[in-house]
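Residue numbers (our numbering): 65 to 142. Here a beta-carbon is modelled for each residue, glycine too, at the ideal position from N, C-alpha and C. Scroll down for the structure; my scribbles are underneath it.
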């Protein structure tokens with residue numbers, strides 16, 4: 065069965081809340097002319113989603129790499 069792992073990851077929720085707060089602030093404070101052009105809204109959504117997942121996977125990769133090196137160091141000491 066398919067389980068979506070990020071839902072159980074603390075990093076996912078930290079980034080999601082941060083990105084949602086930024087999204088609401090952007091929508092509220094951006095000039096109304098920004099979303100009048102269809103391409104601006106589409107590109108914003110595309111880049112916003114890409115930035116979220118890019119940051120999530122970079123953070124996950126670096127965290128796993130750090131944990132793996134820490135585990136290898138502990139194994140060497142034992």
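(request) For residue 101, name the three-state secondary structure that DSSP assigns. (result) coil
(message) Nearer than 7 Å: is that true of the beta carbon of residue 124 relative to any heavy atom of the ligand NAP?
(response) The ligand NAP is not among the ligands present in this structure, which contains no ligands whatsoever.
(message) Less than 6 Å between C-beta atoms, sequence neighbours within five positions excluded: which residues of the same chain meet that for residue 132?
(response) Nothing listed; no residue qualifies.
(request) Output the distance between the C-alpha atoms of residue 82 and residue 107, rounded to the nearest integer angstrom. (result) 20 Å
(message) Suppose you measure from the CA of residue 105 to the CA of residue 116; what does that come to, to the nearest Å?
(response) 16 Å
(request) Please confirm whether residue 79 and residue 120 have their CB atoms less than 8 Å apart. (result) yes
(request) Out of 93, 125, 84, point me to the one whose CA is closest to residue 113's CA. (result) Of the candidates 93, 125, 84, the residue whose Cα lies closest to the Cα of residue 113 is 84.
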